[in-house]
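Participant: Could you have a look at this structure, given as structure tokens, before my questions?
Numbering (our numbering), first residue to last: 142 to 262.
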């Protein structure tokens, strides 16, 4: 199954790891370094799922999720939050904003791939 994934994270290292993990799994991947860039990429492309960090400059993950969900055509795209944050209130806030799931960094590549297949497959 070849899924198209948008990965939004301000860490170049995490973007590289996500790109390698997702490409190795046979997914098509586009990367963005913050929520604003993520919205730009999303505007002209179609994705099966989105992965986003929470703590980013310019537009954080919560703002990004809100902006994605505010657009009718993106409301059904699964969004996985990938973050170092573990606080229950942040998970609840992400869920309320429209996140589909929550993955804690550092991520386990096979588990992330399985999670994407589950939510987007």
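In this text, a Cβ means the ideal position worked out from N, Cα and C, and glycines have one as well.
Roughly how far, in whole angstroms, is the beta-carbon of residue 160 from the beta-carbon of residue 170, given that I think they are within contact range, below 8 Å?
Facilitator: Residue mapping note: residue 160 aligns to position 19 of the chain shown, counting from 1. Residue mapping note: residue 170 aligns to position 29 of the chain shown, counting from 1. Yes, residue 160 and residue 170 are in contact; Cβ-Cβ is about 5 Å, under 8 Å.
Participant: Which same chain residues end up closer than 7 Å to residue 201 when comparing Cβ atoms and leaving out the 5 residues on each side of it in sequence?
Facilitator: Position 60 of the chain shown holds residue 201. If we look at residue 201 and ignore the five residues flanking it on each side, its Cβ neighbours are 176, 195.
Participant: Tell me which same chain residues have a C-beta within less than 6 Å of the C-beta of residue 180, skipping the five on either side of it?
Facilitator: As a first step, residue 180 must be located in the chain shown, where it is residue number 39. Result list for residue 180: 208, in chain order.
Participant: Applying the criterion that 16 or more other CB atoms from any shown protein chain within 10 Å of the CB defines a buried residue, is residue 249 buried or exposed?
Facilitator: The residue given as residue 249 occupies position 108 in the chain shown. Burial call: exposed.
Participant: Starting from residue 172, trace the beta strand (DSSP E) in both directions and tell me its first and last residue.
Facilitator: Position 31 of the chain shown, counted from the start, is the residue given in the question as residue 172. Looking at the DSSP string, the run of the beta strand (DSSP E) that includes residue 172 is 169-173.
Participant: What runs of the alpha helix (DSSP H), each 4 residues or longer, lie entirely inside the stretch 180-217?
Facilitator: Listed in chain order, they are 202-210.
Participant: Check each candidate in 226, 230, 261 and name the one with the smallest Cα separation from residue 244.
Facilitator: One-based indexing of the chain shown puts residue 244 at position 103. For residue 244, the nearest C-alpha among the options comes from 226.
Participant: Give the range of the beta strand (DSSP E) segment to which residue 147 is assigned.
Facilitator: Along the chain shown, one-based indexing puts residue 147 at 6. Element bounds for residue 147: 145-149.
Participant: Measure the C-alpha to C-alpha separation of residue 204 and residue 163 and round it to an integer number of angstroms.
Facilitator: Taking the first residue of the chain shown as position 1, residue 204 is located at position 63. Taking the first residue of the chain shown as position 1, residue 163 is located at position 22. Residue 204 and residue 163: Cα-Cα distance of roughly 24 Å.
Participant: Between 234, 229, 221, which lies nearest to residue 252 when the distance is taken from Cα to Cα?
Facilitator: Counting from 1 along the chain shown, the entry for residue 252 is found at position 111. Answer by Cα proximity: 221.
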